[in-house]
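Engineer:
In this note's numbering, the protein residues as written are 218 to 689.
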């Protein structure tokens, strides 16, 4: 099975890579890097696991590891190469640009400062995990896609959402096991990441609930990444459903159904909360107050089910989660308190690669790690955390403004999905190092950059129109 998966993944990744490189290098379409990322990133850890299980070569694994960064960097270089007069390239900085630039500049300063106990190589690797999404945003900020290109982008997102659910069904009803039990996931973690197998399924504790039931991840790295990623699939299906003629929108109902199905299989409490937060935000965007009422009634129905009809195990699982007596919930609180204590004692931060669950952060040095905001706060102080929050918040606001103002339906769809996905991720950001979920993180940052580009264009178009108006 592993050999078959290895051949399939290698062929698909190879074809996608060659097509994207041809478009980028020979035709100057630097923006096409996003197509490779959107195809490759959902299968990233599964690919690495299968590659190591098949070849037992860490060198070959390393080649697959660097593909995502390599394609992004080639995109940046091609962009610079095809600008004949780069010094005259129009730069219209928006709020999100300034905040993100400040965040990345501060990170670079902390890379150079002799601060913290992490090694220089670990700091460099950690900063790479910060700067690459910045490049993705930058390329999105300089992308102008036509209708067909945006349509292709969404087709892939829809395919990922449906494919994830189909694999979930395969895991739950046919294999009766996690896909990761067949792909060499544990072996890859043990040899490459030095992570011992844990839990009752020989993977990690993330793959099971406290009641020792399976939490599925499909082809994603773990259930938490899948749960966060399908939020983007649901948002994409919803906006296409709302902006497509009724006789053609059955497919988007299927996409939303599959996304919700995967969310259930993931058994992620934070993602369930994020879904309701996202629905509430969508209802506000469209003024669908009946949807808010429906959401409230759904929560009420869920509460009634838990209290009167659910099994005793499920009842106490929900109760312990709400009261923070669940071991996982307690773990989150402990990590938050450790991070806050560090930030209070060291308001300027303790250095890069000192917090979070990224691979370059050593376990013995880690302070906190289960809250994306606090992770940056521990490392780069209160300023670093605030710059990240402001970059995220301004990106959501400007994307939403783009959605309201643009007359281009395709661009409006991108802006909607980018803003709604980032809002949906707010709750998981409090309980996980979400920026390491490269598929949903990088693609949504690209969408934010793409939307800010359109907003900048619309704003300047409005300003030019005002200037050309005859005086009275």
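Beta carbons are placed, not taken as given, at the ideal position from N, Cα and C, and that holds for glycine.
Are the CB atoms of residue 234 and residue 267 nearer to each other than 7 Å?
Structural biologist: Their beta carbons are not under 7 Å apart, which means residue 234 does not touch residue 267 by this criterion.
Engineer: Any idea what DSSP makes of residue 505, helix, strand or coil?
Structural biologist: Correct three-state label for residue 505: coil.
Engineer: With a threshold of 8 Å, are at least 3 pairs of Cβ atoms found where one atom belongs to the region 614-627 and the other to the region 661-672?
Structural biologist: Counting Cβ pairs under 8 Å, three or more are found: they touch.
Engineer: Cα separation between residue 294 and residue 642?
Structural biologist: Approximately 31 Å between the Cα atoms of the pair.
Engineer: Mind checking whether residue 663 and residue 348 have CB atoms under 7 Å apart?
Structural biologist: Their beta carbons are not under 7 Å apart, which means residue 663 does not touch residue 348 by this criterion.
Engineer: Can the beta-carbon of residue 270 be found closer than 7 Å to that of residue 404?
Structural biologist: Yes. Within cutoff.
Engineer: Are residue 655 and residue 258 close, meaning C-beta to C-beta below 7 Å?
Structural biologist: Yes, the Cβ-Cβ distance between residue 655 and residue 258 is below 7 Å.
Engineer: Suppose contacts are defined by Cβ-Cβ distances below 7 Å. Is residue 316 in contact with residue 591 by that definition?
Structural biologist: No; because the gap between Cβ atoms is not below 7 Å, this pair is not in contact.
Engineer: Looking at residue 450 and residue 485, is the spacing between their C-beta atoms short of 7 Å?
Structural biologist: Not closer than 7 Å, so no.
Engineer: Is the region 619-633 touching the region 562-575, taking contact as three or more C-beta pairs under 8 Å?
Structural biologist: Taking 8 Å as the limit for Cβ pairs, the verdict is that the region 562-575 does not touch the region 619-633.
Engineer: Specify whether the region 237-247 and the region 278-291 touch according to this definition: at least 3 beta carbon pairs, one from each stretch, less than 8 Å apart.
Structural biologist: The answer is yes - the region 278-291 touches the region 237-247, with three or more Cβ pairs under 8 Å.
Engineer: Could you tell me the alpha carbon to alpha carbon distance between residue 454 and residue 471, rounded to whole angstroms?
Structural biologist: Approximately 8 Å between the Cα atoms of the pair.
Engineer: DSSP state of residue 581, grouped into three classes?
Structural biologist: Looking at residue 581 - three-state DSSP - the assignment turns out to be coil, as it is neither helix nor strand.
Engineer: Quick one, which of 474, 459, 425, 339 has its alpha-carbon nearest residue 500's?
Structural biologist: Of the candidates 474, 459, 425, 339, the one whose C-alpha sits nearest the C-alpha of residue 500 is 459.
Engineer: Let me confirm a value: residue 397 is counted as buried when at least 16 other C-beta atoms fall within 10 Å, else exposed. Which label applies?
Structural biologist: Residue 397 should be labelled buried.
Engineer: Would you mind sorting residue 464 into buried or exposed? The rule is 16 or more other CB atoms within 10 Å of its CB.
Structural biologist: It is exposed - the Cβ of residue 464 has fewer than 16 other Cβ atoms within 10 Å.
Engineer: Hey, residue 631 and residue 283 are a contact pair by Cβ (cut 8 Å); roughly how many whole angstroms apart?
Structural biologist: With a Cβ gap of about 28 Å, residue 631 and residue 283 do not count as contacting.
Engineer: For residue 643, which of helix, strand or coil comes out of DSSP?
Structural biologist: Correct three-state label for residue 643: helix.
Engineer: To the nearest angstrom, report how far apart residue 482 and residue 436 are at their CA atoms.
Structural biologist: Straight-line Cα distance between these residues: approximately 13 Å.
Engineer: From which residue to which residue does the alpha helix (DSSP H) around residue 568 run?
Structural biologist: Taken as a continuous stretch (DSSP letters only), residue 568 belongs to no alpha helix (DSSP H), as it is neither H nor E.
Engineer: Can you grab the Cα-Cα spacing for the pair residue 361 / residue 249, in whole Å?
Structural biologist: Answer to the nearest angstrom: the Cα atoms are 11 Å apart.
Engineer: Could you check which residue in 637, 359, 432, 416 has the C-alpha nearest to that of residue 495?
Structural biologist: Ranking 637, 359, 432, 416 by Cα distance to residue 495 puts 637 first.
Engineer: CA-CA distance, residue 689 and residue 325?
Structural biologist: Low per-residue confidence applies at residue 689: pLDDT is 38, beneath 50, and the placement is therefore not dependable, though the value from the model is reported in the following sentence. Roughly 52 Å between the two C-alpha positions.
Engineer: Who are residue 415's beta bridge partners in DSSP?
Structural biologist: Residue 415 pairs with 420.
Engineer: If residue 645 sits next to residue 487, beta carbons under 8 Å apart, how far is it from one beta carbon to the other, in whole angstroms?
Structural biologist: Residue 645 to residue 487, Cβ: 5 Å. Contact.
Engineer: Look up residue 372 in the DSSP assignment and give the residues it is bridged to.
Structural biologist: In the DSSP output, where bridge partners are listed per residue, residue 372 has none listed.
Engineer: Give me, in chain order, the residues of the same chain whose beta-carbon lies closer than 6 Å to that of residue 600; leave out the 5 immediate sequence neighbours on both sides.
Structural biologist: Excluding positions up to five away in sequence, the list is empty.
Engineer: Touch check for the region 337-345 and the region 271-279: three-plus C-beta pairs under 8 Å?
Structural biologist: Short answer: they don't touch.
Engineer: Grab me the residues of residue 401's own chain with a C-beta within less than 7 Å of its C-beta, minus the 5 sequence neighbours each way, in chain order.
Structural biologist: Excluding residues within five positions, the ones whose Cβ falls inside 7 Å are 219, 266, 267, 269, 270.
Engineer: Checking the sheet assignment: what are the DSSP bridge partners for residue 431?
Structural biologist: Bridge partners of residue 431: 425.
Engineer: Please list, in chain order, all residues of the same chain as residue 444 whose beta carbon is under 7 Å from its beta carbon, the five residues on each side excluded.
Structural biologist: The residues are 480, 483, 485, 488.
Engineer: Distance, Cα to Cα, residue 687 vs residue 609?
Structural biologist: Model confidence at residue 687 stands at a pLDDT of 48, short of 50, so the residue's coordinates are unreliable; what they give is reported in the following sentence. Their backbone Cα atoms lie some 39 Å apart in a straight line.
Engineer: Could I get the ranges of all uninterrupted alpha helix (DSSP H) runs contained in the region 228-315, with 4 residues as the minimum, in chain order?
Structural biologist: Counting only runs of 4 or more, we get 250-257, 261-272, 275-282, 284-298.
Engineer: Under a three-way DSSP split, which group does residue 334 fall into?
Structural biologist: Here residue 334 sits in coil by DSSP.
Engineer: Compare the C-alpha of residue 672 against each of 647, 611, 589 and name the closest.
Structural biologist: Looking at the Cα atoms, 611 is the closest of the given residues.
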